[in-house]
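Counting from 1 along the sequence shown, just add 2 to a position and that's the residue number in this note's numbering. Note that the Cβ used here is the ideal one computed from N, Cα and C, for glycine as well.
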Amino acid sequence: MQEASSIDLPLWLQTPPGRYVLAWEQARIETHVADVFGFHALQLGLPEIDALQANRMPHRWLALSAREGAAATVPEDGGAAPRTVALSCDFDALPFASQSLDLVVLPHTLELARDPHHTLREVERVLVPEGQVVITG
3 MQEASSIDLP LWLQTPPGRY VLAWEQARIE THVADVFGFH ALQLGLPEID ALQANRMPHR
63 WLALSAREGA AATVPEDGGA APRTVALSCD FDALPFASQS LDLVVLPHTL ELARDPHHTL
123 REVERVLVPE GQVVITG
(Lines of atoms letter the chains of each structure in order from A and count residues from 1; the text may use other names and numbers.)
(Lines give C-alpha, C1' and ligand atoms only; values in the text may rest on other atoms or scores of the structure.)
Protein backbone atom coordinates (compact mmCIF):
# COMPACT_ATOMS: atom_id res chain seq x y z
CA MET A 1 0.00 0.00 0.00
CA GLN A 2 1.35 3.46 -0.86
CA GLU A 3 1.29 6.56 1.28
CA ALA A 4 -0.57 9.67 0.18
CA SER A 5 1.69 12.23 -1.49
CA SER A 6 1.77 15.88 -0.50
CA ILE A 7 0.09 16.80 -3.81
CA ASP A 8 -2.55 15.03 -5.84
CA LEU A 9 -0.29 14.11 -8.76
CA PRO A 10 -3.04 12.96 -11.18
CA LEU A 11 -4.92 16.21 -10.56
CA TRP A 12 -1.78 18.33 -11.01
CA LEU A 13 -0.94 16.50 -14.25
CA GLN A 14 -4.21 17.85 -15.71
CA THR A 15 -3.02 21.46 -15.30
CA PRO A 16 -1.11 23.21 -18.12
CA PRO A 17 2.28 22.81 -16.37
CA GLY A 18 1.42 19.17 -15.62
CA ARG A 19 0.50 18.45 -19.24
CA TYR A 20 3.78 20.06 -20.31
CA VAL A 21 5.73 17.82 -17.94
CA LEU A 22 3.85 14.73 -19.18
CA ALA A 23 4.61 15.54 -22.82
CA TRP A 24 8.27 16.23 -22.03
CA GLU A 25 8.65 13.01 -20.02
CA GLN A 26 6.80 10.97 -22.67
CA ALA A 27 9.29 12.15 -25.31
CA ARG A 28 12.33 11.42 -23.09
CA ILE A 29 11.05 7.97 -22.12
CA GLU A 30 10.34 7.07 -25.76
CA THR A 31 13.97 7.76 -26.71
CA HIS A 32 15.18 5.42 -23.96
CA VAL A 33 12.81 2.49 -24.51
CA ALA A 34 12.47 2.46 -28.30
CA ASP A 35 15.45 0.19 -28.98
CA VAL A 36 15.42 -1.97 -25.85
CA PHE A 37 15.33 -5.58 -27.03
CA GLY A 38 13.40 -8.32 -25.30
CA PHE A 39 10.03 -9.97 -25.00
CA HIS A 40 8.48 -8.73 -21.74
CA ALA A 41 8.15 -5.12 -20.54
CA LEU A 42 6.31 -3.63 -17.57
CA GLN A 43 5.29 -0.10 -16.62
CA LEU A 44 4.68 0.38 -12.90
CA GLY A 45 2.15 3.11 -12.20
CA LEU A 46 1.29 6.53 -13.63
CA PRO A 47 -1.14 5.53 -16.39
CA GLU A 48 -1.15 9.14 -17.64
CA ILE A 49 2.12 8.28 -19.44
CA ASP A 50 2.32 5.42 -21.94
CA ALA A 51 5.93 4.60 -21.19
CA LEU A 52 5.98 1.52 -23.44
CA GLN A 53 4.34 3.10 -26.49
CA ALA A 54 7.60 3.33 -28.49
CA ASN A 55 8.86 -0.09 -27.43
CA ARG A 56 8.42 -3.05 -29.78
CA MET A 57 8.37 -5.92 -27.29
CA PRO A 58 5.48 -8.29 -27.95
CA HIS A 59 4.37 -8.44 -24.30
CA ARG A 60 3.89 -5.06 -22.58
CA TRP A 61 1.92 -4.56 -19.38
CA LEU A 62 0.69 -1.65 -17.31
CA ALA A 63 0.57 -2.40 -13.58
CA LEU A 64 -1.13 -0.09 -11.13
CA SER A 65 -1.07 -0.04 -7.37
CA ALA A 66 -4.26 -0.99 -5.54
CA ARG A 67 -4.92 2.73 -5.05
CA GLU A 68 -4.49 3.51 -8.77
CA GLY A 69 -6.14 0.34 -10.03
CA ALA A 70 -9.77 1.43 -9.69
CA ALA A 71 -10.09 2.08 -13.44
CA ALA A 72 -10.18 -0.92 -15.76
CA THR A 73 -8.83 0.95 -18.78
CA VAL A 74 -6.82 4.08 -19.38
CA PRO A 75 -7.64 6.14 -22.50
CA GLU A 76 -4.71 6.99 -24.72
CA ASP A 77 -4.16 10.45 -26.16
CA GLY A 78 -5.46 10.93 -29.67
CA GLY A 79 -8.60 8.86 -29.21
CA ALA A 80 -6.95 5.51 -29.88
CA ALA A 81 -8.22 2.32 -28.29
CA PRO A 82 -7.72 2.37 -24.53
CA ARG A 83 -4.80 0.58 -22.93
CA THR A 84 -5.90 -2.20 -20.65
CA VAL A 85 -4.58 -2.25 -17.12
CA ALA A 86 -2.99 -5.68 -16.99
CA LEU A 87 -2.85 -5.98 -13.23
CA SER A 88 -3.33 -4.27 -9.93
CA CYS A 89 -0.66 -5.23 -7.44
CA ASP A 90 1.58 -4.23 -4.59
CA PHE A 91 4.81 -2.94 -6.13
CA ASP A 92 6.69 -4.49 -3.19
CA ALA A 93 5.57 -7.98 -4.31
CA LEU A 94 5.37 -8.12 -8.10
CA PRO A 95 3.50 -11.16 -9.47
CA PHE A 96 6.25 -12.12 -11.91
CA ALA A 97 8.82 -14.88 -11.77
CA SER A 98 12.40 -13.95 -10.95
CA GLN A 99 14.41 -12.90 -13.99
CA SER A 100 11.38 -12.76 -16.29
CA LEU A 101 11.20 -9.13 -17.49
CA ASP A 102 13.49 -7.38 -19.97
CA LEU A 103 12.39 -3.81 -19.25
CA VAL A 104 10.69 -2.10 -16.31
CA VAL A 105 9.69 1.57 -16.41
CA LEU A 106 8.94 3.44 -13.18
CA PRO A 107 7.41 6.86 -14.00
CA HIS A 108 7.23 8.71 -10.66
CA THR A 109 6.73 5.33 -8.99
CA LEU A 110 9.45 5.62 -6.36
CA GLU A 111 8.41 9.05 -5.11
CA LEU A 112 4.94 7.67 -4.33
CA ALA A 113 6.06 4.29 -2.98
CA ARG A 114 5.70 3.34 0.67
CA ASP A 115 9.20 1.81 0.60
CA PRO A 116 11.15 2.87 -2.52
CA HIS A 117 14.13 0.65 -1.65
CA HIS A 118 11.96 -2.44 -1.41
CA THR A 119 10.27 -1.56 -4.72
CA LEU A 120 13.70 -1.30 -6.37
CA ARG A 121 14.77 -4.63 -4.88
CA GLU A 122 11.62 -6.21 -6.28
CA VAL A 123 12.29 -4.71 -9.73
CA GLU A 124 15.82 -6.09 -9.58
CA ARG A 125 14.42 -9.53 -8.74
CA VAL A 126 12.13 -9.68 -11.78
CA LEU A 127 14.67 -8.31 -14.29
CA VAL A 128 16.61 -10.67 -16.50
CA PRO A 129 20.40 -10.32 -16.42
CA GLU A 130 21.21 -7.28 -18.58
CA GLY A 131 17.58 -6.11 -18.23
CA GLN A 132 16.95 -2.38 -18.17
CA VAL A 133 15.13 -0.02 -15.82
CA VAL A 134 13.97 3.51 -16.66
CA ILE A 135 13.16 5.71 -13.66
CA THR A 136 11.62 9.18 -13.73
CA GLY A 137 10.68 11.43 -10.88
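N-terminal and C-terminal residue of the beta strand (DSSP E) that residue 133 is part of: For the purposes of this step, residue 133 is identified with residue 131 of the sequence shown, where counting begins at 1. Note, residue 133: beta strand (DSSP E), 129–138.
Simplified DSSP assignment, three categories, for residue 54: By 1-based counting over the sequence shown, the position of residue 54 is 52. Coil at residue 54, not helix or strand.
C-alpha distance - residue 64 paired with residue 50, whole-angstrom precision: As a working note, residue 64 is residue 62 in the sequence shown. As a working note, residue 50 is residue 48 in the sequence shown. Their Cα atoms are separated by approximately 11 angstroms.
From 39, 133, 35, residue whose alpha carbon lies closest to that of residue 100: Along the sequence shown, read from residue 1 onward, the residue named residue 100 stands at position 98. Out of 39, 133, 35, 133 has the C-alpha closest to the C-alpha of residue 100.
Sufficient close CB pairs (3 or more, under 8 angstroms) joining the stretch 53–67 to the stretch 119–130: no
Secondary structure of residue 110, DSSP reduced to three states: One-based indexing of the sequence shown puts residue 110 at position 108. In the structure shown, residue 110 sits in coil (DSSP, three-state: anything other than H, G, I, E or B).
Cβ neighbour criterion (16 or more within 10 Å) applied to residue 13: By one-based count along the sequence shown, residue 13 stands at place 11. Residue 13 comes out exposed.
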